[in-house]
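Visitor: Just so you know, the protein sequences line up as chains P and Y, in that order. Taking my numbering, the leading residue of the first sequence gets 1, the next gets one more, and so forth. Taking my numbering, the leading residue of the second sequence gets 1001, the next gets one more, and so forth.
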Amino acid sequence: MNVVITPAMVGQVVISGLLAGALYSLVALGLALIFGVMRVINIAHGTILMLGAYTTFWSFHILGLNPYLSLLVSMPLMFLLGVLLQRTFVRRVVDAPELSSLLLTFGISIALVNMAQLAFTSDLRSVEFLTGAFLLGPFAFSKSRVISFAFAVTLSLFAFWFLQRTKLGKAIRATSQSREVAMVCGINVQRIHLYSFGIASALSAAGGSLVAVMVAIQPEMGQVYTFKSFLVIVLGGAGNYPGALLGGMLLGLVEQLSSLFLTTQVSEAVAYLLLVLVLLLRPTGLLGGRST
Amino acid sequence: MARWMRQTAGLATVLIVAAGLWTPAAAQAPIKIGASLSLTGTYAALGQNQQRGYRLCAKHVNEKGGVLGRKIEFVVYDDQSQPATGVRLYEKLITQDKVDLVMGPYSSAITEAVANVNEKYKMPMVAPMASTTAIFKKGRKFIFMMQSPAEAYLEGLIDVAAKKGLKTVAIVNEDTLFPKATVQGTIELAKKKGLQVVFVEAYPKGNTDFSAILTKMKAANPDVIGAATYFDDAVAITRQMRELNVNPKMYGVTVGGDLPTFYQLLGKNAEFVYGATQWEVELPYPGSKAFLESYTKEYPGVDLSYHSAGGYAGCQVLAEAVKRAGSLDGEKIREAILKTNTDTVYGGFKVDQDGFQISHKMVMFQWQEGRKVIVWPDELAAGKARFPTPPWSER
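1. If contacts are defined as beta-carbon pairs under 8 angstroms, then valine 1317 of chain Y and isoleucine 1337 of chain Y qualify, I think. What distance do you get, rounded to the angstrom?
2. Comparing alpha-carbon positions, which option in P/Leu262, P/Gly252, P/Ser258 lies nearest alanine 28 of chain P?
3. Can you find a C-beta in chain Y that's less than 8 angstroms from the C-beta of leucine 281 of chain P?
4. Identify whether methionine 1250 of chain Y lies in helix, strand or coil by the three-state DSSP scheme.
5. So which of P/Ser25, P/Ser126, P/Val14, P/Glu98 has the shortest CA-CA distance to phenylalanine 158 of chain P?
6. Assuming the contact rule is C-beta atoms closer than 8 angstroms, phenylalanine 1231 of chain Y and leucine 124 of chain P should be a hit. Round their C-beta distance to whole Å, please.
7. With the cut-off set at 8 angstroms, would you say glycine 288 of chain P and glycine 248 of chain P are in Cβ contact?
8. Just to make sure I have the definition right: I need the residues of chain P whose C-beta is within less than 7 angstroms of the C-beta of aspartate 1175 of chain Y. Which are they?
9. Can you list, in chain order, the residues of its chain whose CB lies under 7 angstroms from that of aspartate 1343 of chain Y, leaving out five sequence neighbours each side?
10. With a cut-off of 8 angstroms on the beta carbons, I'd call methionine 1398 of chain Y and glycine 1275 of chain Y a contact; round off their distance for me.
11. Could you work out which residue in P/Leu257, P/Tyr241, P/Val211 is closest to tyrosine 54 of chain P when comparing CA atoms only?
12. Rounding to the nearest angstrom, what Cα-Cα distance links proline 1300 of chain Y and histidine 61 of chain P in this structure?
13. Starting from serine 1036 of chain Y and walking both ways along the beta strand (DSSP E), at which residues does that stretch end?
14. Buried or exposed: which applies to glutamate 1112 of chain Y, given that a residue is buried once 16 or more other Cβ atoms fall within 10 Å of its Cβ?
15. Based on Cα-Cα distance, which residue from P/Ser178, P/Glu128, P/Leu69 lies nearest to glycine 239 of chain P?
16. Please classify isoleucine 187 of chain P: does DSSP put it in a helix, a strand, or coil?
17. Verify the CB distance criterion: does alanine 20 of chain P have a CB-CB separation below 8 angstroms to chain Y?
18. If the criterion is Cβ atoms closer than 8 angstroms, does the pair histidine 45 of chain P and serine 196 of chain P meet it?
19. To test your reading of the DSSP string, which unbroken alpha helix (DSSP H) runs of 4 or more residues are found completely within the region 1235-1320 of chain Y?
20. Would you give the residue range spanned by the alpha helix (DSSP H) that isoleucine 1135 of chain Y belongs to?
21. Give a yes or no on whether 8 angstroms exceeds the smallest Cβ distance from arginine 1055 of chain Y to chain P.
22. Quick one: residues in its chain with C-beta nearer than 7 angstroms to the C-beta of phenylalanine 141 of chain P, no 5 flanking neighbours on either side, listed in chain order?
23. Residues of chain Y with a CB under 7 angstroms from the CB of glycine 132 of chain P: which are they?
24. I'd like to know if the region 1139-1154 of chain Y and the region 1327-1337 of chain Y are in contact, where contact means that at least 3 CB-CB pairs between them fall below 8 angstroms.
25. Going by DSSP in three states, alanine 1152 of chain Y sits in which element: helix, strand or coil?
26. When the Cα atoms are used, what is the spatial distance from glutamine 218 of chain P to arginine 1088 of chain Y?
27. If you pair each beta-carbon of the region 93-111 of chain P with each one of the region 1202-1215 of chain Y, do three or more pairs fall below 8 angstroms?
28. Taking a cut of 8 angstroms between CB atoms, which residues from the region 1253-1279 of chain Y lie near chain P?
29. Can you confirm whether threonine 1389 of chain Y, when its beta carbon is compared against all beta carbons of chain P, has any partner nearer than 8 angstroms?
30. Tell me which same chain residues have a C-beta within less than 6 angstroms of the C-beta of serine 267 of chain P, skipping the five on either side of it?
31. Starting from leucine 135 of chain P, trace the beta strand (DSSP E) in both directions and tell me its first and last residue.
32. Looking at the C-beta of glycine 1311 of chain Y, does it have a partner C-beta in chain P at a distance below 8 angstroms?
33. On the DSSP bridge list, what partners appear for tyrosine 1043 of chain Y?
34. Rounded to the nearest angstrom, how far is the Cβ of glycine 1330 of chain Y from that of methionine 1103 of chain Y, given a contact under 8 angstroms?
35. Could you please give the first and the last residue of the uninterrupted beta strand (DSSP E) stretch that includes glutamine 256 of chain P?
36. Would you say methionine 9 of chain P faces chain Y, with C-beta separation under 8 angstroms as the test?
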């Protein structure tokens, strides 16, 4: 009953792993940003992804808007929501013990999921756009996944460039290195927190819009992305931005390859086993924690 | 002052108690039937359909004068598709809300978990949406099955495949109770019909990417693929089969493939897909026309699926049993259910001494031009299977 694994199958699965991994990277980058700047673990990160996915669904369903163009709607919208959440709630727990921020963002997440259930019902939705695949030799490239991959990579690289090169990006990194020194240098730390939460939410929303064309949309879809993002940022080094990009790709590959060589049942266990190993051998993550 | 108040309060109490004693039967408090259903979470769409069946049944029973001279009323909570939550809710329903009767939740996994609760309180539970044999074969006395067992879900697919001369089968399943039972049953059936099972793999609940499983499955090159899953996975697997260009001659799903939403979500990609169903609107069971009419009147434009009909019929079976038992006593209702042999809108109902269903029949349909056409068994078939399923590139 066992299937002989051929190089072509490995290739196919590596493709799938990278396609999935780029999305993990994109979403995890947002989580890393919030953690890096504020030391807040945002449980509601995946929830924002879910709202981004719904934004895409509704703009596709009602306005007939191209799902990829809907990034232009979902990202600014969730940027604003992120700023609002930071301004009203998260701000209060930035200096509190980490448990407070966990509880708060957990609460926000539950509230948002339930609001989404009331507003959108829990019916499964999907955006049927670009079904099918490009076939290249023995390999199939799912159209929707390939395009989502391209967007995810572009956005991640752009966000990375933004953090490295722009003045605001440098201020964000400075704040995440040392808030006191950043303040001394004249950086308005409160404002940086607002921007960081907004940008992180926009990245998560982008992830949501991009997965909307691939999987079923429902109010609880975000949870799994919160967990995966966690895994990714711990793998890559909490608060380390290149680490988040690397960690995402790694998670995608590990999930898929362990599904191929072992079974899909254990693939999640393998991913967490990897996490344990990394924490044992390199407690600060693969690229070290909280670098610039 | 205080004395005056005490006296008035005393008098009022006497009056209220007396009023209670004199209330005629029809105005008695309704009989409360408790249930937890998956109104949110993975099984939300299906659990909501089941709930509509329960509610419609209560309405109809009450229109016909209720049960034991009292109206019936459902107390429904949301178990969020989680067995542990279901257990907590049935405890609450029975011990705190003091419901008089209970009905089953949605899905085998949740029924298996909550069956220990109603067993503990000796409260009979008709479980309309549990089709895993094991639940009913553990010596429990108070749980009753309505559906064909999980093992029979892909019987139609295997039977037609064998008749068409196909040789190999591959199965993918969610790693939970019900799909696992389907896989066991399908392997047995395939052996009996002379088909070879070339690949079986389970995936954990909540999995969204099936690339690796499907890549392996494609390499095994089976004639027939069966997916023992629930609704959202059935959609995701079908989509990814197309993306990865997996082309079996027959492809069938178990649960959820029968929902109109399945076709709405997948569009043309749902064509040729076989589905198993416990029930279809057009099956010639007694009362099913009237059921359809009142359902569409009560819930215009809403999904109607076997979950609704099963919920409806299960509640009817319980109501009838209570009438014949003449009391709300668990043991007496149990005896009445064990003696029941009837045809409901959902098909036959008769259980053995374990509460295991022995009368109900499963059917298989195929999506053809946006319609579900029943293609198996022959005596209920409304059309012929479009065979073989063409490759994705030629659809």
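Backbone N, C-alpha and C define an ideal beta-carbon position, used for all residues, glycine too.
Guide: Reading it off the structure:
1. The residue labelled residue 1317 of chain Y in the question sits at position 317 within the second sequence. The residue labelled residue 1337 of chain Y in the question sits at position 337 within the second sequence. 7 angstroms between Cβ atoms; contact.
2. Reading the first sequence from its first residue, position 28 is the one you call residue 28 of chain P. Looking at the Cα atoms, P/Gly252 is the closest of the given residues.
3. Here the question's residue 281 of chain P lines up with position 281 in the first sequence. False, the Cβ-Cβ gap to chain Y never drops below 8 angstroms.
4. The residue you call residue 1250 of chain Y lines up with position 250 of the second sequence. If DSSP states are grouped into helix, strand and coil, methionine 1250 of chain Y belongs with the strands.
5. Within the first sequence, numbered from 1, the residue matching residue 158 of chain P stands at position 158. Ranking P/Ser25, P/Ser126, P/Val14, P/Glu98 by Cα distance to phenylalanine 158 of chain P puts P/Ser25 first.
6. Taking the second sequence and counting its residues from 1, one reaches residue 1231 of chain Y at position 231. Taking the first sequence and counting its residues from 1, one reaches residue 124 of chain P at position 124. The pair is a contact, with the Cβ atoms about 7 angstroms apart (cut-off 8 angstroms).
7. Position 288 of the first sequence, counted from the start, is the residue given in the question as residue 288 of chain P. Position 248 of the first sequence, counted from the start, is the residue given in the question as residue 248 of chain P. Contact: no.
8. Within the second sequence, residue 1175 of chain Y is the residue found at index 175, counting from 1. Result: Gln265.
9. Indexing the second sequence from 1 puts residue 1343 of chain Y at position 343. Closer than 7 angstroms at the Cβ level, and outside the excluded window around aspartate 1343 of chain Y, lie Tyr1285, Pro1286.
10. This structure leaves residue 1398 of chain Y out entirely; chain Y is present only between 1001 and 1395.
11. Residue numbering aside, residue 54 of chain P sits at position 54 when the first sequence is read from its first letter. Out of P/Leu257, P/Tyr241, P/Val211, P/Val211 has the C-alpha closest to the C-alpha of tyrosine 54 of chain P.
12. In the second sequence, counting from the first residue as 1, residue 1300 of chain Y sits at position 300. In the first sequence, counting from the first residue as 1, residue 61 of chain P sits at position 61. Answer to the nearest angstrom: the Cα atoms are 21 angstroms apart.
13. Working through the second sequence from its first residue, we reach residue 1036 of chain Y at position 36. Taken as a continuous stretch (DSSP letters only), the beta strand (DSSP E) holding serine 1036 of chain Y covers 1031-1037.
14. Position 112 of the second sequence, counting from 1, holds the residue named residue 1112 of chain Y. So glutamate 1112 of chain Y ends up on the buried side.
15. The count along the first sequence starts at 1 and reaches residue 239 of chain P at position 239. If we check each option's Cα against that of glycine 239 of chain P, P/Ser178 comes out closest.
16. Taking the first sequence and counting its residues from 1, one reaches residue 187 of chain P at position 187. Coil, per DSSP.
17. Sequence index remark: in the first sequence, residue 20 of chain P carries index 20 (1-based). Yes, alanine 20 of chain P counts as interfacial toward chain Y.
18. By one-based count along the first sequence, residue 45 of chain P stands at place 45. By one-based count along the first sequence, residue 196 of chain P stands at place 196. Contact flag unset, no.
19. 1260-1266, 1288-1298
20. Position 135 of the second sequence, counting from 1, holds the residue named residue 1135 of chain Y. Taken as a continuous stretch (DSSP letters only), isoleucine 1135 of chain Y belongs to no alpha helix (DSSP H), as it is neither H nor E.
21. Against the second sequence, residue 1055 of chain Y aligns to sequence position 55. Arginine 1055 of chain Y does not count as touching chain P.
22. If you number the first sequence from 1, residue 141 of chain P lands on position 141. Correct list, in chain order: Ile15, Ala133, Phe134.
23. Here the question's residue 132 of chain P lines up with position 132 in the first sequence. Those within 7 angstroms of glycine 132 of chain P in chain Y are Arg1242, Glu1243.
24. yes
25. Locating residue 1152 of chain Y in the second sequence gives position 152, where the first residue counts as 1. If DSSP states are grouped into helix, strand and coil, alanine 1152 of chain Y belongs with the helices.
26. For the purposes of this step, residue 218 of chain P is taken as residue 218 along the first sequence, with counting starting at 1. For the purposes of this step, residue 1088 of chain Y is taken as residue 88 along the second sequence, with counting starting at 1. Looking at the two C-alpha atoms, the distance is approximately 25 angstroms.
27. no
28. Thr1261, Leu1265, Leu1266, Gly1267, Asn1269
29. Taking the first residue of the second sequence as 1, we reach residue 1389 of chain Y at position 389. Chain P, which has no Cβ nearer than 8 angstroms to the Cβ of threonine 1389 of chain Y, makes this no.
30. Here residue 267 of chain P corresponds to residue number 267 of the first sequence, with the count starting at 1. Glu255, Ser258, Ser259, listed in sequence order.
31. As a first step, residue 135 of chain P must be located in the first sequence, where it is residue number 135. Unbroken beta strand (DSSP E) run through leucine 135 of chain P: 133-136.
32. Within the second sequence, numbered from 1, the residue matching residue 1311 of chain Y stands at position 311. With 8 angstroms as the cut-off, glycine 1311 of chain Y does not count as an interface residue toward chain P.
33. By one-based count along the second sequence, residue 1043 of chain Y stands at place 43. Per DSSP, none; premise fails for tyrosine 1043 of chain Y.
34. Indexing the second sequence from 1 puts residue 1330 of chain Y at position 330. Indexing the second sequence from 1 puts residue 1103 of chain Y at position 103. No, glycine 1330 of chain Y and methionine 1103 of chain Y are not in contact; Cβ-Cβ is about 14 angstroms, not under 8 angstroms.
35. Start at 1 with the first residue of the first sequence, and residue 256 of chain P comes out as number 256. It is not in any beta strand (DSSP E) - glutamine 256 of chain P instead sits in the alpha helix (DSSP H) that spans 241-261.
36. If you number the first sequence from 1, residue 9 of chain P lands on position 9. By this cut-off, methionine 9 of chain P is an interface position.
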